[in-house]
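Report on the following structure.
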Amino acid sequence: GCNPLAETGRSKLQNQRALLNQQILRAVRMRAGAENLLRATTNNKVREQVLLELSFVNSDLQILKEELEGLNISVEVYQNAEETFSIPLVPLGLKETKDVDFTLPLKDFILEHYSEDSSEYEDEIADLMDLRQACRTPSRDEAGIEMLISYFLQLGYVENRFFPPTRHIGVLFTWYDSFTGVPVCQQNLLLEKASVLFNIGALYTQIGTRCNRQTQAGLENAVDAFQKAAGVLSYLKETFTHTPSYDMSPAMLNVLVKMMLAQARECVFQQIGLSGIRNEFFTLVKMTQEVAKVGEVYLLVNTAMNQEPVRENIPYSWSKLAQIKSDHYKALAHYFIATILCDHELQPSDDKDQQEKALSQLYDYVPEGLMVLAVLKDKVQRKQLGKAHLRKAIVYHEEALRVCGLCKKLRNIEVLQEVLTAAHKRSLLKYAQQETEDDFLSLIQAPDILPKTEHKIETIAPQFSKVKVKDFFHKLGPLTVFSAKQRWTAPRTIRLHHETGELGFSLKGGSPVQVYCLDPVCSAASAGLKEGDYIVSIGGMDCKWLGVNEVLEKLQSVGKQPMELDVISCQDTAASLHSKSATYSMGMQKTYSLICLAMDEDKIDQTKKAPLKLPFLSWGTKNRQKAASTLCLPSAVAGSSQIKKKLSPFTLLNTESSLY
Numbered sequence: 001g002c003n004p005l006a007e008t009g010r011s012k013l014q015n016q017r018a019l020l021n022q023q024i025l026r027a028v029r030m031r032a033g034a035e036n037l038l039r040a041t042t043n044n045k046v047r048e049q050v051l052l053e054l055s056f057v058n059s060d061l062q063i064l065k066e067e068l069e070g071l072n073i074s075v076e077v078y079q080n081a082e083e084t085f086s087i088p089l090v091p092l093g094l095k096e097t098k099d100v101d102f103t104l105p106l107k108d109f110i111l112e113h114y115s116e117d118s119s120e121y122e123d124e125i126a127d128l129m130d131l132r133q134a135c136r137t138p139s140r141d142e143a144g145i146e147m148l149i150s151y152f153l154q155l156g157y158v159e160n161r162f163f164p165p166t167r168h169i170g171v172l173f174t175w176y177d178s179f180t181g182v183p184v185c186q187q188n189l190l191l192e193k194a195s196v197l198f199n200i201g202a203l204y205t206q207i208g209t210r211c212n213r214q215t216q217a218g219l220e221n222a223v224d225a226f227q228k229a230a231g232v233l234s235y236l237k238e239t240f241t242h243t244p245s246y247d248m249s250p251a252m253l254n255v256l257v258k259m260m261l262a263q264a265r266e267c268v269f270q271q272i273g274l275s276g277i278r279n280e281f282f283t284l285v286k287m288t289q290e291v292a293k294v295g296e297v298y299l300l301v302n303t304a305m306n307q308e309p310v311r312e313n314i315p316y317s318w319s320k321l322a323q324i325k326s327d328h329y330k331a332l333a334h335y336f337i338a339t340i341l342c343d344h345e346l347q348p349s350d351d352k353d354q355q356e357k358a359l360s361q362l363y364d365y366v367p368e369g370l371m372v373l374a375v376l377k378d379k380v381q382r383k384q385l386g387k388a389h390l391r392k393a394i395v396y397h398e399e400a401l402r403v404c405g406l407c408k409k410l411r412n413i414e415v416l417q418e419v420l421t422a423a424h425k426r427s428l429l430k431y432a433q434q435e436t437e438d439d440f441l442s443l444i445q446a447p448d449i450l451p452k453t454e455h456k457i458e459t460i461a462p463q464f465s466k467v468k469v470k471d472f473f474h475k476l477g478p479l480t481v482f483s484a485k486q487r488w489t490a491p492r493t494i495r496l497h498h499e500t501g502e503l504g505f506s507l508k509g510g511s512p513v514q515v516y517c518l519d520p521v522c523s524a525a526s527a528g529l530k531e532g533d534y535i536v537s538i539g540g541m542d543c544k545w546l547g548v549n550e551v552l553e554k555l556q557s558v559g560k561q562p563m564e565l566d567v568i569s570c571q572d573t574a575a576s577l578h579s580k581s582a583t584y585s586m587g588m589q590k591t592y593s594l595i596c597l598a599m600d601e602d603k604i605d606q607t608k609k610a611p612l613k614l615p616f617l618s619w620g621t622k623n624r625q626k627a628a629s630t631l632c633l634p635s636a637v638a639g640s641s642q643i644k645k646k647l648s649p650f651t652l653l654n655t656e657s658s659l660y
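Structure follows, in structure tokens:
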């Protein structure tokens, strides 16, 4: 990872984000405490003081939210250092997290579950913690992506080794929402995996915005990065459901995927016009359709951003920037077609059939009383229709400038103002050149332009298999056998004597080997060897990864001398504790432990069977239709509210309230 103390523009933003997260956490805790007091008290004077305090806390939260939005729209920090005259692209900020100490929980689990000396795995645990710490400050390149993917894959090994499905081992993961700053705390490793995936997608967006859009290679890399970002976020949406964080809810991820694909489409258009746009009929027709497509996709993004429940949490400036880009690129489409009509008269040498066909493809309909071929041939009609398109282009440019002026965050982005103003002036100049005395007779309304593209933009699924990762805890044995799901007896030492030259049993399987066809009267059976035992060491040498032939060679090499085998037996995995998830949220009065939940429910009703509850984070595609963000913070209410008799970690004090 990068040096966390390095004073780069990106690191300063992340440090500010971490500081804001802490301030939001304190404010939310104060609000939760004040609301609890408001519910508990009946003293009118106390209620008035609490309501006054709540108003101050809520105003502070709103200010902090606006500051966090300011960090999310600080797009100029992430752009390429080369001076460029183009509208900035929007990256995603990395999710912040707290430190996690794996040492004691993993060492205890190794001793209890695998019956091994946990001190021998201190280096492996330290490597895992170092990798996690490095992933908090990844470099903004492919090396950073590879490091995040390697940690994500390593979590797969850790999950299978140390996280049984029936209980928690005491590791608490805390991640902050990248849009609201609200923390989510769970003992579920799937929260960690989902958050790392989000950061992989966010890092791809930062790589895409950093690419030099003044070169062909830079634009190609930007398109590729945004497509990969969309692929990772789409994979996150399809694979992890019921996420407790707003920024990873299915609705929000759907909007983010659309925004990344729109930015990839924008880079494709810039790539086409990088070498310059020739003032030629068919070239301008192609550019008109391409830029109209960019305007269309940004219109869809803006529409999606203004739908519930996304609009409450998406940065306001992002929504306005999508609207500005939609209007800007629509204006460019009308400007290009106006240039076709005003600058290109039909010459005898031109193929009028081809020009008629090309121009017809731009319109869904033509104004009443006009025919495409007639417009091409008639100089007056061409000019009138061209000026109608210029008027529409000017309207779109003015709307884009108006929206930009109304948004405080966007108003401060100088390059955005410069690009919009330059495009507006160019359309005004073009219109002034076509002005004549009989303009008042022109009542033609420019028709809408049909978008079309020859370049396909789609998500690129993450290629995790390209990153090779070695299991840190390889020494525990093959993962298919030595996992958290399987329970084993402690190793038993069997002392073998085979004077006759025969073992009295056969071996089968891969690694580790398993005893079968055991002779019940042989010396091994008398020493305690059982059918189905796994041999884990011979003479003090570990053999978990050895096959049948290698183990037989070791047994035969000893000859007739006595030898010691360490064997283990598989236990029944049915016995388990309650599989409920205790989750810490800001609206709860306290954190309920796993045992307390089980005991409380048994005391309430021992005969009533508790219904199965879905965890916040589910692996797989089941219940995808029900996927939604489940975290909700309480808000102040003036009246008294009824206290619920039973508090579950899946419900907060007031589930109908909004976030801020």
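Numbered continuously in full-length UniProt numbering, the sequence shown closes out at residue 660.
Don't be surprised by glycine CBs; every beta carbon is placed ideally from N, CA and C.
- Query: What residues in its chain sit with their C-beta under 6 Å from that of Leu479, if we drop five residues either side in the sequence?
  - Reply: Excluding residues within five positions, the ones whose Cβ falls inside 6 Å are Asn160.
- Message: If I measure Cβ to Cβ from Leu416 and keep anything under 7 Å in the same chain, skipping five residues before and after, which residues do I get?
- Response: If the five residues before and after Leu416 are omitted, its C-beta is found closer than 7 Å to the C-beta atoms of Ile87, Pro88, Cys404 and Leu410, all from its own chain and listed in chain order.
- Message: Given a cut-off of 7 Å on the beta-carbon distance, is the pair Val310 and Val268 in contact?
- Response: Pairing Val310 with Val268 gives a Cβ-Cβ distance that is not under 7 Å.
- Query: Does the separation of the CB atoms of Gly208 and Phe226 fall below 7 Å?
  - Reply: Yes, these two residues count as a Cβ contact at 7 Å.
- Could you have a look at Arg624 and say whether DSSP puts it in helix, strand or coil? Any reading at Arg624 needs caution, since the residue's pLDDT is 40, under 50, leaving its predicted position unreliable; the model's value is listed next. Here Arg624 sits in helix by DSSP.
- DSSP-derived helix/strand/coil call for Gln514: Gln514: strand per DSSP, three-state reduction.
- Query: With respect to 6 Å, is the separation between the Cβ of Glu399 and the closest non-hydrogen atom of the ligand ATP below this value?
  - Reply: The ligand ATP is not part of this structure, which contains no ligands at all.
- Query: Hey, which unbroken runs of the alpha helix (DSSP H) at 4 residues or more fall wholly within the segment 239-302?
  - Reply: The segment 239-302 contains these whole alpha helix (DSSP H) runs: 250-272.
- Query: Which residues bound the alpha helix (DSSP H) around Trp545?
  - Reply: Run containing Trp545: none; DSSP gives neither H nor E here.
- DSSP beta-bridge partners of Phe482: In DSSP, Phe482 forms no bridge with anything.
- Around the C-beta of Leu20, are 16 or more other C-beta atoms found within 10 angstroms, so that it is buried, or is it exposed? Label assigned to Leu20: buried.
- Query: In terms of residue numbering, what span does the beta strand (DSSP E) encompassing Cys185 cover?
  - Reply: For Cys185, the enclosing beta strand (DSSP E) starts and ends at Pro183 to Gln186.
- Contacts around Thr453, its chain only, beta-carbon distance under 6 Å, and the 5 residues preceding and following it disregarded: The beta carbon of Thr453 is closer than 6 Å to those of Glu290 and Lys293 in its chain, skipping five residues each way along the sequence.
- State buried or exposed for Gly170, treating a residue as buried only when at least 16 other CB atoms are found within 10 Å of its CB. Looking at its Cβ environment, which holds fewer than 16 other Cβ atoms inside 10 Å, Gly170 is exposed.
- Give every residue of the same chain whose Cβ lies closer than 7 Å to the Cβ of Val366, excluding the five residues on either side of it in the sequence, and list them in chain order. If we look at Val366 and ignore the five residues flanking it on each side, its Cβ neighbours are Val372 and Pro447.
- Message: Could you tell me the alpha carbon to alpha carbon distance between Lys530 and Thr103, rounded to whole angstroms?
- Response: Straight-line Cα distance between these residues: approximately 35 Å.
- Task: Just confirm the distance between the C-beta atoms of Trp175 and Ser245, as a whole number of angstroms; I'd bet it's less than 8 Å.
- Result: Right, their Cβ atoms sit about 7 Å apart.
- Message: Helix, strand or coil for Phe85? Go by DSSP, reduced to three states.
- Response: Annotated three-state conformation of Phe85 is coil, per DSSP.
- Item | the segment 59-67 touching the segment 20-35, judged by at least three CB pairs closer than 8 Å | Counting Cβ pairs under 8 Å, three or more are found: they touch.
- Message: My assumption, with CB atoms under 8 Å, is that Val182 sits in contact with Leu148. Please give the rounded CB distance.
- Response: Contact check for Val182 and Leu148: beta-carbon distance about 23 Å, past the 8 Å limit, so the pair fails to qualify.
- Item | Backbone CA spacing between Tyr534 and Ala527 [nearest angstrom] | About 15 Å.
- So, helix, strand or coil for Cys404, using DSSP? Correct three-state label for Cys404: helix.
- Query: Can you tell me the Cα-Cα spacing of Leu94 and Phe173, whole angstroms?
  - Reply: Straight across, the Cα-Cα distance linking Leu94 with Phe173 is about 16 Å.
- Please confirm whether Ala331 and Val297 have their CB atoms less than 7 Å apart. Against a cut-off of 7 Å, the Cβ pair of Val297 and Ala331 comes out as no contact.
- With DSSP collapsed to three states, give me the class of Lys508. Strand.
- Query: Between the C-alpha atoms of Lys383 and Asp327, what's the straight-line distance to the nearest angstrom?
  - Reply: Near 23 Å, if we compare the C-alpha coordinates of Asp327 and Lys383.
- Which residues in the same chain have their Cβ closer than 6 Å to the Cβ of Cys522, if we skip the five residues on either side of it in sequence? Cβ within range, chain order: Gly504.
- Taking the C-alpha atoms as reference points, what is the distance between Asp117 and Ile110? Distance between the alpha carbons of Asp117 and Ile110: 7 Å.
- With contact counted as at least three CB pairs below 8 Å, one residue from each stretch, are the segment 417-436 and the segment 312-323 in contact? Contact between the segment 417-436 and the segment 312-323 is absent, because fewer than three Cβ pairs lie under 8 Å.
- Query: Helix, strand or coil: which one does DSSP assign to Ile314?
  - Reply: Here Ile314 sits in coil by DSSP.
- Three-state secondary structure (DSSP) of Phe152: Assignment of Phe152 by DSSP, reduced to helix, strand and coil, places it in the helix class.
- Item | Pairwise C-alpha distance: Phe152 and Cys135 | For Cys135 and Phe152, the distance between alpha carbons rounds to 10 Å.
- Other residues of its chain near Val184: CB distance less than 6 Å, five sequence neighbours each side excluded: Closer than 6 Å at the Cβ level, and outside the excluded window around Val184, lie Trp175, Pro244 and Ser245.
- DSSP bridge partner residues for Tyr363 (one or two, in chain order): Answer by DSSP bridge pairing, in chain order: Ile449.
- Would you mind sorting Lys508 into buried or exposed? The rule is 16 or more other CB atoms within 10 Å of its CB. The residue in question, Lys508, is exposed, as its Cβ has fewer than 16 Cβ neighbours within 10 Å.
- DSSP three-state assignment for Ser178, whether helix, strand or coil: Ser178 carries a coil assignment under DSSP once its states are collapsed to helix, strand and coil.
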